[in-house]
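Numbering (full-length UniProt numbering), first residue to last: 1 to 259. Quick reminder that beta carbons are idealized off the backbone N, C-alpha and C, glycines included. Inspection log for the structure reproduced underneath, given as structure tokens.
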């Protein structure tokens, strides 16, 4: 690495510059948190009297700086990880601004390696429609979106990035039963055979079979069908005779459920 030039802070007191750069605390507990390729770096401790700057180093790309001179302990680095198959490390620099120009290299801590393609977590699919007609349960869903966009401004989905490496599983079971079944698809819909007179609950989950870790994505919201009954709502009027010739009209609401 070459030497860095860190600017002075206008109006700072000379006493604030007394601490040598090598004495500054460096970041610890550095973690990558990534869902659908939105990636956040986090670390400790909270700085006091100094700042952090994040440098992202790719094995095949130039150094990118993010969150320059920040007092936060997290940094959104999504936009500098666009080559999702690149292997990255983060250097978190501890920087103290002084009255005088400082050409010394600041102390820094290095994160573990991170490859978005193999390590980002697959988020929850969105179930858009479902129906149970006779002995068929049909479920359709959408891919989770990523923060990355096409030239026309529309967001890329995880399917646009993973393509044929992405699968989905539908887990389904009879309502109030613990026995689950599952089927797999590479499309956006499922059709499975079920008992026509039973209600079923289900959810969808993205899968990357080629991964060693983080193979299973987050589970979608659980939905349940509602078959085998219909509900009739209505009103009836009942007239009561009270206190001699005084009439009072009362409206009652009823709901009847047929199984």
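Could you round the C-beta distance between residue i and residue j to whole angstroms and report it? I think they count as a contact, below 8 angstroms.
i           : j           : result
residue 90  : residue 149 : Their Cβ separation, rounded to whole angstroms, is 24 angstroms, which puts residue 90 and residue 149 out of contact at 8 angstroms.
residue 131 : residue 25  : Between residue 25 and residue 131 the Cβ distance is about 59 angstroms, and since that is not below 8 angstroms, they are no contact.
residue 88  : residue 56  : 6 angstroms
residue 71  : residue 47  : 6 angstroms
residue 52  : residue 92  : 6 angstroms
Could you check what DSSP says for residue i in three-state terms: helix, strand or coil?
i           : result
residue 117 : helix
residue 51  : strand
residue 199 : coil
residue 40  : strand
residue 236 : Annotation note: pLDDT 41 at residue 236 (below 50); position unreliable, no value reported.
residue 231 : Low local confidence applies: a pLDDT of 39 at residue 231 is under 50, so the model's placement there is unreliable, and no value is given.
residue 163 : helix
residue 30  : strand
residue 59  : coil
residue 84  : coil
Please work out which residues of its chain come closer than 8 angstroms, Cβ to Cβ, to residue i, disregarding the five sequence neighbours upstream and downstream, and give them in chain order.
i           : result
residue 210 : 165
residue 146 : 36, 37, 38, 155, 156, 157, 158, 160 and 161
Look at the alpha carbon of residue i and the alpha carbon of residue j, and state the distance between them as a whole number of angstroms.
i           : j           : result
residue 216 : residue 169 : 10 angstroms
residue 137 : residue 185 : 14 angstroms
residue 157 : residue 183 : 22 angstroms
residue 97  : residue 69  : 9 angstroms
residue 214 : residue 80  : 22 angstroms
residue 155 : residue 104 : 42 angstroms
residue 151 : residue 85  : 20 angstroms
residue 109 : residue 30  : 8 angstroms
residue 139 : residue 121 : 23 angstroms
residue 143 : residue 59  : 30 angstroms
residue 179 : residue 153 : 44 angstroms
residue 220 : residue 23  : 48 angstroms
residue 118 : residue 163 : 14 angstroms
residue 82  : residue 187 : 26 angstroms
For residue i, which residues of its own chain have a beta-carbon under 6 angstroms away from its beta-carbon, when the five flanking residues on both sides are left out?
i          : result
residue 40 : 33, 74 and 76
Under 7 angstroms between C-beta atoms, does residue i make it to chain B?
i           : result
residue 153 : Looking at the structure shown, chain B is missing, and only one protein chain is on hand.
Quiz item: Is there contact between the region 115-132 and the region 203-212, where contact requires at least three CB pairs shorter than 8 angstroms?
Solution: yes
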